[in-house]
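To start, the structure itself, in structure tokens.
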Amino acid sequence: MGGFRIPIGEWAEAGVAWIRDTLGWLLSGVSAVVGWFVDALANGLLSLPIVAVIVIFAALAWVLRSWRFAIGTVVGFVLILGVGQWVTSMQTLALVLVAAIIAVVIAVPLGIAAARNDTFSAILRPVLDLMQSMPAFVYLIPAIVFFSIGVVPGVVATVIFALPPGVRLTELGIRGVDSETVEAGHAFGATPGQILRGVQLPLAMPSIMAGVNQLIMLALSMAVIAGIAGADGLGKEIVQAMSTVDIAKGVEAGLSVVILAVYLDRLTGALGALKTQRGSLLGAIARRRAPKDARVSTPTPAPEPVGV
Amino acid sequence: MTTAAVEAKNLFKVFGRNPGQAVKRLKAGEPRDQVRDAGTAAVIDASFRVERGEIFVIMGLSGSGKSTIIRMLNGLHDATGGEVLVHGEPITGIPAAKLRGIRRERIAMVFQHFALLPHRTVAANVAYPLELQGVGKAERLAKAEEILGLVGLEGWGDKLPSALSGGMQQRVGIARALAADTDILLMDEAFSALDPLIRREMQEQLLELQHKLQKTIIFITHDLNEAMFLGDRIAVMRDGRIVQIGTPEDILTDPANDYVEQFVQDVDRARVLTAANVMERPGSVSVTDAAGPRRALRTMRDARMAAVYVTDRSRKLIGMVSDRDALKLVRRGESSLASALRPVPQAVGQDDVLMDLFVPAAESPLPLAVTDAEGRLVGVIPRITLLTALGPSTTETTEIPVILDPVPGSVIDEALAGGAVDGPATEKEEVR
Chain A
1 MGGFRIPIGE
11 WAEAGVAWIR
21 DTLGWLLSGV
31 SAVVGWFVDA
41 LANGLLSLPI
51 VAVIVIFAAL
61 AWVLRSWRFA
71 IGTVVGFVLI
81 LGVGQWVTSM
91 QTLALVLVAA
101 IIAVVIAVPL
111 GIAAARNDTF
121 SAILRPVLDL
131 MQSMPAFVYL
141 IPAIVFFSIG
151 VVPGVVATVI
161 FALPPGVRLT
171 ELGIRGVDSE
181 TVEAGHAFGA
191 TPGQILRGVQ
201 LPLAMPSIMA
211 GVNQLIMLAL
221 SMAVIAGIAG
231 ADGLGKEIVQ
241 AMSTVDIAKG
251 VEAGLSVVIL
261 AVYLDRLTGA
271 LGALKTQRGS
281 LLGAIARRRA
291 PKDARVSTPT
301 PAPEPVGV
Chain B
1 MTTAAVEAKN
11 LFKVFGRNPG
21 QAVKRLKAGE
31 PRDQVRDAGT
41 AAVIDASFRV
51 ERGEIFVIMG
61 LSGSGKSTII
71 RMLNGLHDAT
81 GGEVLVHGEP
91 ITGIPAAKLR
101 GIRRERIAMV
111 FQHFALLPHR
121 TVAANVAYPL
131 ELQGVGKAER
141 LAKAEEILGL
151 VGLEGWGDKL
161 PSALSGGMQQ
171 RVGIARALAA
181 DTDILLMDEA
191 FSALDPLIRR
201 EMQEQLLELQ
211 HKLQKTIIFI
221 THDLNEAMFL
231 GDRIAVMRDG
241 RIVQIGTPED
251 ILTDPANDYV
261 EQFVQDVDRA
271 RVLTAANVME
281 RPGSVSVTDA
291 AGPRRALRTM
301 RDARMAAVYV
311 TDRSRKLIGM
321 VSDRDALKLV
331 RRGESSLASA
341 LRPVPQAVGQ
351 DDVLMDLFVP
361 AAESPLPLAV
371 TDAEGRLVGV
381 IPRITLLTAL
391 GPSTTETTEI
401 PVILDPVPGS
411 VIDEALAGGA
421 VDGPATEKEE
431 VR
């Protein structure tokens with residue numbers, strides 16, 4: 001048995017080296033664009049007055065969910081400010097948002113393709129399993145090789161880790177659309193594109209939004225690992241706290257991650273079910289515009305059968 | 001012969017690994033079960049013509065292939081073998097874009113579970129086919145509102161479908177199909193998801209709409225009552241094959257084989273319920289022999305019948321008299337019905353089970369007479385009542401039209417007014 005060895009590791013290393021050497025132009029391009037977006041977003045958030053940022057977050061919370069959530073948002077972000085993690089939190093938020101947007105942009109079309117093609121779905125499934133179950137540190141290594149230390153490998157690792165639920169829930173949502181409704185689209189002569197846009201995507205939206213919500217939560221959970229790759233933010237704080245056994249700093253940075261997580265979760269969760277958010281400003285506007293319950297304020301009495 | 005609205009020629013549909021081979025073997029005469037290794041045959045050698053303006057019902061139990069057939073008529077399923085012609089144009093084996101065009105312009109469909117778009121308002125749902133046809137927004141919403149009026153849903157256009165009851169949602173489904181303004185309407189178990197009372201109401205409404213619009217309707221159902229009530233002609237399916245095509249009367253009185261016979265007979269209620277359970281009061285279709293021909297004629301006119309039963313003083317059924325005979329009596333000035341009495345061809349006992357009433361009911365020119373042990377007329381059973389009693393619903397129905405066509409009311413009125421023989425009336429009768 002001593003001589004038996006399958007050199008998968010070496011193959012992988014050779015593959016990584018080949019990609020680095022031949023696709024270097026692409027990698028540096030990606031690196032520049034992603035890095036620019038994260039920096040721009042982080043700088044944008046940090047250049048605004050802190051009060052303005054908190055007001056914007058609270059306003060979003062009210063518009064999409066409820067005034068109670070808006071108050072919770074203010075309390076949470078004031079707490080982040082109070083423990084001195086404002087700057088790092090905004091950096092992490094920028095990283096998570098950029099990674100989540102990239103992941104959504106990749107995941108939703110993949111999910112649509114998987115829902116339409118069984119073969120593609122069968123191929124995609126083990127790939128998604130691999131992406132989800134492979135320890136995140138492992139693909140951090142080539143990411144660092146490709147993009148060097150900094151925020152970009154953090155974003156890349158985060159995208160890979162966060163992608164699968166987005167793909168899966170998009171596929172599930174589209175496959176779960178009532179087949180008779182899709183059939184109705186076909187029966188009235190809709191093209192496949194019209195059915196996707198007019199029937200499948202709108203009806204799958206709650207499921208897709210649940211996927212986006214899961215995706216963002218996973219992205220946030222990668223914040224610490226992004227810190228190991230050298231991305232500025234809460235992750236870096238936690239890594240430093242760990243290496244210096246700084247309990248105080250660790251707790252404060254960890255708490256900030258939790259607050260960000262809860263905020264993003266509730267916000268994106270509300271996106272998936274806007275109509276059921278009774279307290280949200282959007283819902284209130286929609287209700288005011290549309291007439292109330294059919295039976296209460298209907299313009300005509302309940303219809304009799306036609307003719308007679 | 002004019003071209004049929006829809007014509008199916010030797011349609012086959014096989015799902016599975018080797019559909020082509022399965023069709024070949026089925027054509028060679030192998031039974032369905034033996035070709036199971038090549039695929040599941042859902043439709044086997046189905047041929048039929050649907051004429052313009054008719055309601056053609058395809059009836060069968062679940063798994064009989066009826067839903068597959070209707071989906072082949074608009075190309076939602078490809079035919080494995082055979083051909084579908086819509087107004088003489090083939091829709092099998094044509095490019096997808098052309099098929100979509102035919103679906104947009106020629107064939108609309110109503111679905112069992114309504115299949116409305118829940119995120120769109122009722123009006124936007126109804127306007128959906130017009131949107132696909134490329135009609136402008138203002139125009140299609142105006143049209144949608146107009147069609148909603150047609151199905152009795154004025155003012156509901158800005159609601160979401162979820163705010164509507166099942167029956168109303170299906171009216172939206174029908175409105176949507178009507179909005180497409182196609183001449184062919186496919187209805188796939190359109191009323192099966194509705195509760196019985198609503199279902200009956202919708203069936204009546206559909207007939208009223210059909211009276212106005214004269215579409216060609218192909219209606220799928222597993223419900224015998226529904227098939228009989230709606231269908232101008234009915235195709236009965238079993239295990240993928242059409243076993244009989246005929247008018248409701250054909251199916252009822254002359255079942256092509258044991259299966260159809262069973263379908264008509266083998267309803268548990270038919271063995272349990274008796275004539276007395278379903279009969280209606282005989283008052284409107286019977287007179288006593290003392291009443292005389294004028295009274296008999298009036299009764300017939302009011303009931304829109306071509307004949308009435310005649311009973312004696314103890315309500316014993318002694319015969320029937322037709323409107324023509326009664327008319328002659330009136331013209332001759334006779335005051336007794338006795339000379340015009342004919343024997344009642346069909347009368348059943350009040351304890352006979354419904355199963356035994358089909359043949360008499362179909363042959364009887366009047367609602368079937370029900371007599372008790374002493375031969376007294378205790379009730380009548382119009383055919384529709386008999387059919388309704390078989391189904392799960394117990395909805396009451398009204399009088400049915402009879403097979404003989406009655407003398408026009410005006411002739412009767414004249415005869416009644418004029419008393420004895422008068423020229424013009426006789427002439428009119430001869431002209432007829």
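Protein sequence lines, in the order shown, are assigned to chains A and B.
Quick note on numbering: our numbering labels position 76 of the first sequence as 76, and the sequence is numbered without any gaps.
Quick note on numbering: our numbering labels position 337 of the second sequence as 337, and the sequence is numbered without any gaps.
Glycine included, each C-beta is placed from N, C-alpha and C at the ideal position.
{"Asked": "The region 203-220 of chain A in contact with the region 161-176 of chain A per 3-pair CB rule at 8 Å", "Found": "yes"}
{"Asked": "Proximity below 8 Å, CB of B/Ala115 to CB of A/Thr191", "Found": "no"}
{"Asked": "Interface residues of chain D facing A/Gln194 [CB-CB closer than 8 Å]", "Found": "Given the protein chain composition of this structure (A and B), no chain D is represented."}
{"Asked": "Residue environment, B/Leu148, which counts as buried when at least 16 other CB atoms sit within 10 Å", "Found": "buried"}
{"Asked": "Cβ contact (3+ pairs, closer than 8 Å) linking the region 185-204 of chain A and the region 235-250 of chain A", "Found": "no"}
{"Asked": "Near-chain B residues of the region 169-186 of chain A - C-beta to any C-beta below 8 Å", "Found": "Asp178, Glu180, Thr181, Glu183, Ala184 and His186"}
{"Asked": "Integer-rounded CB distance, given that A/Phe146 should sit under 8 Å from B/Arg103", "Found": "Contact doesn't hold; Cβ gap of about 50 Å is too wide."}
{"Asked": "Local Cβ density within 10 Å of A/Ile6, reported as buried at 16 or more and exposed below that", "Found": "exposed"}
{"Asked": "Selected residue, minimal CA-CA separation from A/Ala231, among A/Arg266, A/Leu267, A/Met205 and A/Ala99", "Found": "A/Ala99"}
{"Asked": "Cβ of B/Ser393 within 8 Å of any chain A Cβ", "Found": "Here B/Ser393 scores only 38 on pLDDT, less than 50, and its place in the model should not be relied on; the value that follows carries that caveat. No, because no Cβ of chain A sits closer than 8 Å to the Cβ of B/Ser393."}
{"Asked": "B/Val285 beta carbon less than 8 Å from that of B/Tyr259", "Found": "no"}
{"Asked": "B/Thr397 versus B/Glu201: straight-line alpha-carbon distance, rounded", "Found": "Confidence in B/Thr397 is poor, its pLDDT being 46 and thus under 50, which makes the residue's placement unreliable; the coordinate value appears in the next sentence. In a straight line, the C-alpha of B/Thr397 is about 11 Å away from that of B/Glu201."}
{"Asked": "Cutoff 8 Å: B/Asn277 Cβ touching any chain A Cβ", "Found": "no"}
{"Asked": "Against chain A: residues of the region 113-129 of chain B by CB proximity under 9 Å", "Found": "His113, Phe114, Ala115, Leu116, Leu117, Pro118, His119, Arg120, Thr121, Tyr128 and Pro129"}
{"Asked": "B/Glu427 at chain A interface by Cβ criterion, 8 Å", "Found": "Annotation note: pLDDT 42 at B/Glu427 (below 50); position unreliable, coordinate value reported separately. Not an interface residue."}
{"Asked": "Supposed close pair B/Phe111, B/Gly167 - CB separation, criterion 8 Å", "Found": "B/Phe111 to B/Gly167, Cβ: 15 Å. No contact."}
{"Asked": "Chain-ordered residues of the region 230-260 of chain B with a beta carbon less than 7 Å from chain A", "Found": "none"}
{"Asked": "Interface residues of chain A facing B/Ala108 [CB-CB closer than 8 Å]", "Found": "Ala187 and Phe188"}
{"Asked": "Burial state of A/His186, where buried means 16 or more other Cβ atoms lie within 10 Å", "Found": "buried"}
{"Asked": "Beta-carbon neighbours of B/Leu76, restricted to chain A and to distances below 9 Å", "Found": "Glu183, His186 and Ala187"}
{"Asked": "Best match in B/Arg25, B/Lys27, B/Pro31 and B/Phe12 for proximity to B/Ala42 [C-alpha to C-alpha]", "Found": "B/Phe12"}
{"Asked": "Under 9 Å (Cβ pairs) to chain A, residues found in the region 175-186 of chain B", "Found": "Arg176, Ala177, Ala180 and Leu186"}
{"Asked": "Beta-carbon proximity check, A/Met131 vs A/Leu95, cutoff 8 Å", "Found": "no"}
{"Asked": "Beta-carbon contacts of B/Asp323 that lie in its chain and below 6 Å, excluding the five residues immediately before and after", "Found": "Met300, Ala306, Pro406 and Val407"}
{"Asked": "Cβ-based burial, B/Pro31 [other Cβ within 10 Å; buried from 16]", "Found": "exposed"}
{"Asked": "Cβ pair count under 8 Å reaching 3, the region 49-68 of chain B against the region 225-241 of chain B", "Found": "yes"}
{"Asked": "Through-space distance from B/Ser339 to B/Gly240, alpha-carbon basis", "Found": "55 Å"}
{"Asked": "Cβ pair B/Met279, B/Val370 closer than 8 Å", "Found": "yes"}
{"Asked": "First through last residue of the beta strand (DSSP E) which encompasses B/Val6", "Found": "Val6 to Phe15"}
{"Asked": "Unbroken stretches of the alpha helix (DSSP H), 4 residues or longer, contained in the region 82-131 of chain B", "Found": "96-105 and 122-126"}
{"Asked": "Cβ-Cβ distance between B/Ala180 and B/Ala108 below 8 Å", "Found": "yes"}
{"Asked": "Beta-carbon proximity of B/Ile251 to B/Ile70, cut-off 8 Å", "Found": "no"}
{"Asked": "Neighbour flag for B/Gly101 against chain A, beta carbons, 8 Å", "Found": "yes"}
{"Asked": "Partner residues on chain A for B/Phe111, Cβ-Cβ distance less than 9 Å", "Found": "Glu180, Thr181, Glu183, Ala184 and Ala187"}
{"Asked": "Continuous beta strand (DSSP E) stretch holding B/Gly349: start and end", "Found": "Ala347 to Gly349"}
{"Asked": "Near-chain A residues of the region 307-335 of chain B (beta-carbon distance less than 8 Å), N- to C-terminal order", "Found": "none"}
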